[in-house]
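Participant:
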Amino acid sequence: MLEAYSRAWTEIDYDAIRHNVKEVKKLVKNTKIMGIVKANAYGLGDVACAKALQKCGVDYFGVSSIDEALNLRNAGIQDNILILGYTPSMHFHYLHEQNIVQSLVSIEYARELNAYAKENDVKIRCHCKVDTGMCRTGIVYQEQDKHIEDIYEEYRLENLCVEGIFSHFPVSDCLDEDCTEFTKKQIQLFDEVIDLLKSQGIDPGIRHLQNSYGILNYPELEYEYCRPGLLYMGVTSDDHIKIKTNPDFIPIMSMYANVSLVKWIYPGQSVSYGRHFIAEKPTKVATMSIGYADGLPRLLSNQGFEVLVHGQRCKLIGNLCMDQCMIDVTEVEDVKEGDVVCIVGHQGNEVVTVDQISRMAKTINNETLTSISSRVPRLKVRS
1 MLEAYSRAWT EIDYDAIRHN VKEVKKLVKN TKIMGIVKAN AYGLGDVACA KALQKCGVDY
61 FGVSSIDEAL NLRNAGIQDN ILILGYTPSM HFHYLHEQNI VQSLVSIEYA RELNAYAKEN
121 DVKIRCHCKV DTGMCRTGIV YQEQDKHIED IYEEYRLENL CVEGIFSHFP VSDCLDEDCT
181 EFTKKQIQLF DEVIDLLKSQ GIDPGIRHLQ NSYGILNYPE LEYEYCRPGL LYMGVTSDDH
241 IKIKTNPDFI PIMSMYANVS LVKWIYPGQS VSYGRHFIAE KPTKVATMSI GYADGLPRLL
301 SNQGFEVLVH GQRCKLIGNL CMDQCMIDVT EVEDVKEGDV VCIVGHQGNE VVTVDQISRM
361 AKTINNETLT SISSRVPRLK VRS
């Protein structure tokens, strides 16, 4: 039995990242990995994950913003860092000062960045973002609207060093016929852009297209890099979605909380706000020290979600509160204050997955992980 560390905490096995990276490499063969560590590596620690990925030979990292890039630089990460999102003009100076690569979200943005670079007599490293169907950022290149001249212009801007090109899949996780055809069309459009660049004597640079589900369902694509995020953490966005491959991932995160009180309630007594649980028989109730302010979704309330106490499954009862919630431990012997409750992970012969939380909360694992509060300590453990 684990000893309690705090009121609530996570344990992260960064060593398991090596195993998960090997599983990714089995799929993509010679394609290199750009480790996506945005949003504090989906809540699991950007610096720790980046350093674990470096040990696996990963030499490129993807983040969403300049502050995330600077956090890696300040931690001593000197490998290539690509900002996948928007950097405001007031922060352009960091790009050349810290040798950070900026994605070009539009031709207007590229012109603005080039004007800054020219005025300051610097070169700024960039990747060209092509919108092949996500309709989020990038120069549009879709079947009905092809802005190839804007892409040419980006590569020819004198003070930008455009050394890569990428696009993004919105439905690579779906194997339905319509979604598959949409994704295949994106691949065709992306390759078409690359061929057109080459026909103009322009080197497109490094190419990257596969996100996590692009890796799982289209591993045969042979670009220079792919962009796994959750995969190296041992989970997918939704474990119930059918995929074409069968990797053997190890989830790197588990989550725990303390039992703070155990007491009996009797028929007619209710639990928590709203009185949504009313006991029909004598019930032993344990309060555990975690709530929605810690990142446990309030939508789990009264849905039959189960946690593990002494290796036995126990249901959450009543509404989940900001800092606490209650579970039915009637069938578990010797439960006492200070006992460890497993919310995600293994205890005894049982397991609870983050996907079970996400499914009941009607969301995906990406949101569940990134919602874990900063007040929940992330503890490093070894395999």
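UniProt numbering applies: residue 1 is where the sequence shown begins, and numbers increase by one.
Just so you know, even glycine gets a beta-carbon here, dropped at the ideal spot from N, CA and C.
Predicted, not measured: the structure shown is a model, and the values here were computed from it.
I need the boundaries of the alpha helix (DSSP H) containing Gln186, first residue and last residue.
Facilitator: Looking at the DSSP string, the run of the alpha helix (DSSP H) that includes Gln186 is 177-199.
Participant: Report all residues from its chain with a CB closer than 7 Å to the CB of Arg375; omit the five preceding and five following residues, and keep chain order.
Facilitator: Within the same chain, Arg375 has close Cβ partners Asp294.
Participant: Skipping 5 residues on each side, what residues in its chain have a beta carbon closer than 8 Å to that of Thr137?
Facilitator: Here the set comprises Gly85, Tyr86, Ser103, Val105, Ser106, Lys129, Asp131.
Participant: Roughly how many angstroms lie between the CA atoms of Gly318 and Ala361, to the nearest whole one?
Facilitator: The alpha-carbon atoms of Gly318 and Ala361 are separated by roughly 15 Å.
Participant: Output needed for Asp67: all residues of its chain with C-beta closer than 8 Å, excluding positions within five of it in sequence on either side, in chain order.
Facilitator: Nothing listed; no residue qualifies.
Participant: By alpha-carbon positions, which one of Ala257, Arg275, Ile33, Ala279 ends up nearest to Tyr266?
Facilitator: The shortest C-alpha separation from Tyr266 is found at Ala279.
Participant: Run through DSSP, which three-state label would Met1 get?
Facilitator: Confidence at Met1 is low in this model, with a pLDDT of 40, below 50, so its placement is unreliable and no value can be given for it.
Participant: Do three or more CB pairs link the stretch 250-263 to the stretch 338-346 at distances below 8 Å?
Facilitator: Yes: at least three Cβ pairs fall under 8 Å.
Participant: Please report the straight-line C-alpha distance between Asp195 and Ile202, rounded to a whole angstrom.
Facilitator: The alpha-carbon atoms of Asp195 and Ile202 are separated by roughly 10 Å.
Participant: Please name the residue in His208, Gly214, Val193 whose C-alpha comes closest to that of Phe182.
Facilitator: Residue Gly214 is the option with its Cα nearest to Phe182.
Participant: Suppose you measure from the CA of Gly311 to the CA of Thr353; what does that come to, to the nearest Å?
Facilitator: Straight-line Cα distance between these residues: approximately 14 Å.
Participant: If we count the other Cβ atoms within 10 Å of its Cβ and call it buried at 16 or more, is Gly268 buried or exposed?
Facilitator: Classification of Gly268: exposed, given that the 10 Å Cβ count is below 16.
Participant: According to the neighbour-count rule (16 or more other Cβ atoms, all chains shown, within 10 Å of its Cβ), is Asp13 buried or exposed?
Facilitator: Asp13 is buried by the Cβ-count criterion.
Participant: Of all the alpha helix (DSSP H) runs that stay within the bounds of the stretch 72-156, which reach a length of 4 or more residues?
Facilitator: Complete alpha helix (DSSP H) runs here, min 4: 92-97, 107-119, 148-156.
Participant: Please specify which runs of the beta strand (DSSP E), each continuous and at least 3 residues long, are wholly inside the stretch 50-74, giving them in chain order.
Facilitator: Listed in chain order, the complete beta strand (DSSP E) runs (minimum 3 residues) inside the stretch 50-74 are 60-63.
Participant: Could you tell me whether the Cβ atoms of Tyr60 and Asn40 are closer together than 8 Å?
Facilitator: Not in contact: Tyr60 and Asn40 (Cβ atoms no closer than 8 Å).
Participant: Looking at the unbroken alpha helix (DSSP H) that takes in Leu27, where does it start and where does it end?
Facilitator: Where Leu27 is concerned, the enclosing alpha helix (DSSP H) stretches over 16-28.
Participant: Following the continuous alpha helix (DSSP H) through Gln303, name the residue where it begins and the one where it ends.
Facilitator: Neither: Gln303 is in no alpha helix (DSSP H) and is coded neither H nor E.
Participant: What's the call for Val101, buried or exposed, on a 16-neighbour Cβ count within 10 Å?
Facilitator: Buried is the call here.
Participant: Can you have a look at Pro219 and say buried or exposed, based on whether 16 or more other CB atoms are within 10 angstroms of its CB?
Facilitator: It is buried - the Cβ of Pro219 has at least 16 other Cβ atoms within 10 Å.
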